[in-house]
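If you use this note's numbering, the sequence shown corresponds to residues -2 to 215, in order.
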Amino acid sequence: MRTVIAGGHGQIALRLERLLSARGDSVAGLIRNPAQADDLRGAGAEPVVLDLESATVDDVAAVLAGADAAVFAAGAGAGSGPDRKQTVDRDAAVLLADAAERAGVRRYLIVSSMGADAHSTFKEPGFAAYLRAKGAADDAIRARTSLDWTVLRPGGLTNDPGTGRVRLSAGHVDRGSIPRDDVAAVLVALLDAPATAGLTLELVSGDTDIATAVAQLA
-2 MRTVIAGGHG
8 QIALRLERLL
18 SARGDSVAGL
28 IRNPAQADDL
38 RGAGAEPVVL
48 DLESATVDDV
58 AAVLAGADAA
68 VFAAGAGAGS
78 GPDRKQTVDR
88 DAAVLLADAA
98 ERAGVRRYLI
108 VSSMGADAHS
118 TFKEPGFAAY
128 LRAKGAADDA
138 IRARTSLDWT
148 VLRPGGLTND
158 PGTGRVRLSA
168 GHVDRGSIPR
178 DDVAAVLVAL
188 LDAPATAGLT
198 LELVSGDTDI
208 ATAVAQLA
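Structure below.
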């Protein structure tokens, strides 16, 4: 399997790259900063320097050619303003979807956030802008009938070691946290589970091993 990951130097993306490359998959990560290339190589991924805020659909489609799946794991970051949350968290996700359609790549996973809502009125303005951008991206992806999409909405992200045990549901789950290790492992399992296409999933730490949690969704 070949997977192309947008936001290839992100904390979840690097973990995902390591997992995919360790099992022998081909993986490429899209990065904006060439200085990050060695980190991707160290994770077993092919670095592709491409700025999704200025790239065209054709630029991205050329990278996706021959891929089996695309994963959107990019984000503007906590210190960014509302404008960049729109251009990265929303617009870049839509651009990747447009390019996947053009390249004939049907499988599309997007890492969103619990609470994502295009009309969020969350009281903290910066986080509200983030939730609105993520929600708008999710809505745009879920409208694509040409993509086998899955929206993954993890709770609060931590750098604790993964436990391999989660609560994963197509319904609502209570808010909680989840190690980035486990988010990456769930993404691998979702890539291997085409029956999860068309689902919006909430994810926090729990008591069910990842393989079982994903199998229960089908």
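For every residue, glycine included, the Cβ atom is placed at its ideal position computed from N, Cα and C.
For this session: Would you check if the distance between the CB atom of Ala182 and the CB atom of Leu11 is smaller than 9 Å?
Result: Position 185 of the sequence shown, counted from the first residue, corresponds to residue 182. Position 14 of the sequence shown, counted from the first residue, corresponds to residue 11. No.
For this session: Any chance you could list the beta strand (DSSP E) runs of at least 3 consecutive residues sitting entirely within the stretch 18 to 101, in chain order?
Result: 23 to 28, 43 to 46, 66 to 69
For this session: Can you give me the start and stop residues for the alpha helix (DSSP H) that Ala181 sits inside?
Result: To locate residue 181, count along the sequence shown from 1; it is residue 184. Unbroken alpha helix (DSSP H) run through Ala181: 177 to 188.
Exercise. Taking the DSSP output, what are the residues bridged to Ala134?
Worked result: Position 137 of the sequence shown, counted from the start, is the residue given in the question as residue 134. The bridge partners DSSP lists for Ala134 come to none.
Problem set entry | Boundaries of the alpha helix (DSSP H) in which Thr160 is found, first to last residue | On the sequence shown, residue 160 is found 163 positions in, with the first residue counted as 1. First-last for Thr160: undefined, no H or E at that position.
Exercise. Buried or exposed: Gly5, going by 16 or more other Cβ atoms within 10 Å of its Cβ?
Worked result: Within the sequence shown, residue 5 is the residue found at index 8, counting from 1. Gly5 comes out buried.
For this session: May I have the straight-line CA-CA distance separating Gly72 from Leu106, to the nearest angstrom?
Result: Position 75 of the sequence shown holds residue 72. Position 109 of the sequence shown holds residue 106. Looking at the backbone, the Cα of Gly72 and that of Leu106 are separated by about 14 Å.
Problem set entry | Span separating the alpha-carbon of Leu47 from that of Asp56 | Working through the sequence shown from its first residue, we reach residue 47 at position 50. Working through the sequence shown from its first residue, we reach residue 56 at position 59. Leu47 and Asp56 have their C-alpha atoms some 8 Å from each other.
Problem set entry | Opening and closing residue of the alpha helix (DSSP H) in which Ala212 lies | Looking up residue 212 in the sequence shown gives position 215. That run of the alpha helix (DSSP H) goes 207 to 212.
Problem set entry | Closest residue to Val201 among Ala212, Gln213, His169 (Cα-Cα distance) | In the sequence shown, counting from the first residue as 1, residue 201 sits at position 204. With distances taken between Cα atoms, Val201 lies closest to His169.
Exercise. So who's on the other strand from Thr142, going by DSSP bridges?
Worked result: The residue given as residue 142 occupies position 145 in the sequence shown. Paired residues: none, contrary to the question.
Exercise. Can you tell me whether DSSP reads Thr193 as helix, strand or coil?
Worked result: For the purposes of this step, residue 193 is identified with residue 196 of the sequence shown, where counting begins at 1. Reduced to three states, the DSSP call for Thr193 is helix.
Exercise. How would you call Ala113, buried or exposed, if buried means at least 16 neighbouring beta carbons within 10 angstroms?
Worked result: Translated into positions along the sequence shown, residue 113 becomes position 116. It is buried - the Cβ of Ala113 has at least 16 other Cβ atoms within 10 Å.
For this session: Taking 9 Å as the cut-off, decide whether the C-beta atoms of Ile222 and Val24 are in contact.
Result: Coverage of the chain is limited to positions -2 through 215, which leaves residue 222 absent and any answer about it impossible.
Exercise. Where does Pro176 land, buried or exposed, given buried means 16+ other C-beta within 10 angstroms?
Worked result: Along the sequence shown, read from residue 1 onward, the residue named residue 176 stands at position 179. Pro176 sits buried, since 16 or more C-beta atoms from the chains shown fall within 10 Å of its C-beta.
Exercise. Thinking C-alpha only, which one of Leu196, Gly203, Thr209 is nearest Ser109?
Worked result: To locate residue 109, count along the sequence shown from 1; it is residue 112. Out of Leu196, Gly203, Thr209, the CA that lies nearest to the CA of Ser109 is found in Leu196.
Exercise. Thinking C-alpha only, which one of Asp35, Ala42, Ala212, Arg29 is nearest Leu13?
Worked result: If you number the sequence shown from 1, residue 13 lands on position 16. The shortest C-alpha separation from Leu13 is found at Ala42.
Exercise. Buried or exposed: where does Glu220 fall if 16 or more other Cβ atoms within 10 Å of its Cβ makes it buried?
Worked result: The structure shown does not extend to residue 220, since the chain is modelled only from -2 to 215, so the question has no answer here.
Problem set entry | Best match in Asp88, Ala186, Ala70 for proximity to Met(-2) [C-alpha to C-alpha] | Position 1 of the sequence shown, counted from the first residue, corresponds to residue -2. Taking only the C-alpha atoms, the option nearest Met(-2) is Ala186.
Exercise. Is Thr155 near Ala66, with beta carbons less than 9 Å apart?
Worked result: Within the sequence shown, residue 155 is the residue found at index 158, counting from 1. Within the sequence shown, residue 66 is the residue found at index 69, counting from 1. Against a cut-off of 9 Å, the Cβ pair of Ala66 and Thr155 comes out as no contact.
For this session: Using DSSP bridges, identify the partner residues of Ser117.
Result: The sequence position of residue 117 within the sequence shown is 120, counting from 1. When DSSP reads this structure, Ser117 sits in no beta bridge, so it has no partner.
Exercise. When the Cα atoms are used, what is the spatial distance from Val91 to Ala137?
Worked result: Here residue 91 corresponds to residue number 94 of the sequence shown, with the count starting at 1. Here residue 137 corresponds to residue number 140 of the sequence shown, with the count starting at 1. Their backbone Cα atoms lie some 7 Å apart in a straight line.
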